[in-house]
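What follows is a set of notes on a single structure, which appears directly below.
Protein chains: 2
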Amino acid sequence: MRYRNIPSETIRRLPIYLRALHILKRQNKTTISSSGLSEIVAVNSWQVRKDFSYFGAFGKRGSGYDIDELAKQISKILKLHTRHRVALVGVGNLGSAVLAYPGFEPYGFDIVAAYDSDPKKIGKKIHGITVENISELRGLRKDKIDLALIAVPESAAQQIAEQLVKAGVKGILNFSPRHIQVPKRIKVFTIDIAMDLARLPFYIA
Amino acid sequence: MRYRNIPSETIRRLPIYLRALHILKRQNKTTISSSGLSEIVAVNSWQVRKDFSYFGAFGKRGSGYDIDELAKQISKILKLHTRHRVALVGVGNLGSAVLAYPGFEPYGFDIVAAYDSDPKKIGKKIHGITVENISELRGLRKDKIDLALIAVPESAAQQIAEQLVKAGVKGILNFSPRHIQVPKRIKVFTIDIAMDLARLPFYIA
DNA sequence: TTGTGTGAAAGTTTTCACAGCA
DNA sequence: TGCTGTGAAAACTTTCACACAA
Chain C
5 MRYRNIPSET IRRLPIYLRA LHILKRQNKT TISSSGLSEI VAVNSWQVRK DFSYFGAFGK
65 RGSGYDIDEL AKQISKILKL HTRHRVALVG VGNLGSAVLA YPGFEPYGFD IVAAYDSDPK
125 KIGKKIHGIT VENISELRGL RKDKIDLALI AVPESAAQQI AEQLVKAGVK GILNFSPRHI
185 QVPKRIKVFT IDIAMDLARL PFYIA
Chain E
5 MRYRNIPSET IRRLPIYLRA LHILKRQNKT TISSSGLSEI VAVNSWQVRK DFSYFGAFGK
65 RGSGYDIDEL AKQISKILKL HTRHRVALVG VGNLGSAVLA YPGFEPYGFD IVAAYDSDPK
125 KIGKKIHGIT VENISELRGL RKDKIDLALI AVPESAAQQI AEQLVKAGVK GILNFSPRHI
185 QVPKRIKVFT IDIAMDLARL PFYIA
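If you're matching them up, the sequences are chains C and E in order. Reading the first sequence from the start, the letters are residues 5 to 209 in my numbering. Reading the second sequence from the start, the letters are residues 5 to 209 in my numbering.
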């Protein structure tokens, strides 16, 4: 198949495989089979193999996948083989938690700038980052930051997104509970934790 | 069609429609067409209509949907018409932010208990909730709590999940970066914010 | 008119089954 | 013998086009 018409669901699963590979590496394992991997991530083994097959043949018949090699390949596909500089906008409860979150590091993300509009926060150092005035957002461009996290109140999210686009940001992870509109070339994922909680009751007896 | 073979994607979208209806209500609107709704949520108008049609005919031809009525219907489908009592396990950076998050309220969720293992936190009041010792988890059953949020470190998540299941919890929203295994009757959604950030670079030029 | 509700077609994703390499 | 890689079938989801009700 090799690199055409890749299901978006496959792309969604790739980071999950990568996360599992990190865990296996920490356990000093060196190889893993598709069925071994399938147990960790709760995806069928044929689905695992199919997902990888869209990009090439990474495994060895009879023994499985080399963990380091597979992790390298997935990182490359996801463009995580180079580190990414990320900005955070909104240093409230959620924003601060995101700043402190250690889970971004293994994927090569560095939060290098944080912005807020609250004068009490501007200039303060939070989890190692000095909070800047939100009016300085345009400075992102010269800092070569192309990803941003939005953790501002719902009412400000759309406006902030537009400023981020103007400042050259190409991808946005939006934590505010609202769909934000941006030009098609910009990619946005929205995480609304209430949305996920809201569909739990449907599934419970 | 009426209530059989409902796409899980439809269920995923229902809370998004509900969120949009809340916004419209705050704007004092009383009716909305499928195309009006489609603009807010970024879903095609025929998809909106199709999604509702799985459950019945809620609209009026010529004028659209009554906002209050539609919100009531969706709430009922999602079983959000009664309020839900929710427990939080893990009151670290992320857990505290979740406790402070105002976005659960409109969907009828009340976080009524919080647990941690850190003796420095136990007994303290955080965002209005007194943190209890994690060894008291079994008390959930008599408190009629059937939903839980897990915001503990990765290494503790599986064990906490098992304790929650023993305590009678039926649905779990897991913020730890690991797939957790539970009996099939229990529903788990995992939100790993690093996973979503990790697929952004793939999509940007 | 305007905008819903819905079968049928098109498109996408998962599952299967097995050939074939180490 | 064990496990990968992959066409083809099955299942699922979206899109279309239009009948029909207010």
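The beta-carbon is built from N, C-alpha and C at its ideal position, and this holds for glycine as well.
Residues of the region 41–56 of chain E with a CB closer than 8 Å to any CB of chain C: list them in chain order, please. I44, V45 and A46
Could you name the residues of the same chain whose beta carbon sits closer than 6 Å to that of E:F193, not counting the 5 residues immediately before and after it, in chain order? L177
Determine whether the beta carbon atoms of E:Y4 and E:D70 lie at a separation below 9 Å. Because chain E here runs from 5 to 209, residue 4 of chain E falls outside it and cannot be looked at.
Cβ closer than 8 Å: which chain E residues qualify as neighbours of C:Y1? Residue 1 of chain C cannot be examined here, being either before or after the span of chain C that is shown, 5 to 209.
For E:G68, which of helix, strand or coil comes out of DSSP? strand
Within 10 Å of its beta-carbon, does E:N9 have 16 or more other beta-carbons around it, so buried, or fewer, so exposed? exposed
In this structure, how does DSSP classify E:I149 when only helix, strand and coil are distinguished? coil
So is E:I20 in contact with chain C if we call contact Cβ pairs under 9 Å? yes
Identity of the residue in E:K80, E:L25 and E:A171 nearest C:P181 by Cα: E:L25
Of the residues C:D147, C:L168, C:R145 and C:K146, the one placed nearest C:A155, counting alpha carbons only: C:L168
Cutting at 6 Å between CB atoms, please list the residues of its own chain near C:S37, excluding the five before and the five after it. G68
CA nearest to the CA of E:T14, picked from E:E43, E:S57 and E:N32: E:S57
Give a yes or no on whether 9 Å exceeds the smallest Cβ distance from C:R16 to chain E. yes
Does the structure place the region 106–119 of chain C close enough to the region 131–150 of chain C that three or more beta carbon pairs sit under 8 Å? yes
Chain E contact residues for C:P205, given Cβ-Cβ distances below 8 Å: L82, K83, L84, H88, L151 and G175
Just how far apart, CA to CA, sit E:I44 and E:K174? 32 Å
Name the chain C residues that come within less than 9 Å of E:L98, Cβ to Cβ? L98, A101, V102, A104 and Y105
When you compare the CB of C:I197 with every CB in chain E, is at least one pair closer than 9 Å? yes
Alpha carbon to alpha carbon, how far is E:G94 from E:R17? Give it in angstroms, no decimals. 29 Å
Taking Cβ positions, are C:H85 and E:A46 nearer each other than 9 Å? no
Contact with chain E by C:I133, beta-carbon distance below 9 Å: no
Quick one: using the 10 Å Cβ neighbour count with 16 as the cut-off for buried, is E:S139 buried or exposed? exposed
If you measure from the beta carbon of E:R189 to each beta carbon in chain C, is any gap under 9 Å? yes
Find the residues of chain E that neighbour C:P181, judging by a C-beta separation of less than 7 Å, and give them in chain order. R23 and G107
Span of the beta strand (DSSP E), counted from its first residue to its last, around E:F193: K191 to T194
For E:I208, which residues in chain C fall below 9 Å Cβ to Cβ? K83, D150, L151, K174, G175, R189, I190 and K191
Nearest-angstrom Cα separation, counted from E:G112 out to C:E158: 19 Å
Can you give me the start and stop residues for the alpha helix (DSSP H) that C:T14 sits inside? S12 to R30
Distance between beta carbons of E:L103 and E:H131, contact taken as under 8 Å: 4 Å
Reduced DSSP category for E:I138 - H, G, I as helix; E, B as strand; rest coil: helix
Verify the CB distance criterion: does C:L201 have a CB-CB separation below 9 Å to chain E? yes
For the alpha helix (DSSP H) holding C:I176, just list the boundary residues, first then last. Per DSSP, C:I176 belongs to no alpha helix (DSSP H); it is in the beta strand (DSSP E), G175 to N178.
Against E:F113, what residues of chain C qualify as contacts under a CB-to-CB distance less than 7 Å, listed in chain order? L201
Extent of the continuous alpha helix (DSSP H) run through E:A117: Careful: E:A117 lies outside any alpha helix (DSSP H), inside the beta strand (DSSP E) at F113 to D120.
Range covered by the beta strand (DSSP E) that runs through E:V93: H88 to V93
What does DSSP give as the partner residue(s) for E:K129 in the beta ladder? E:T134
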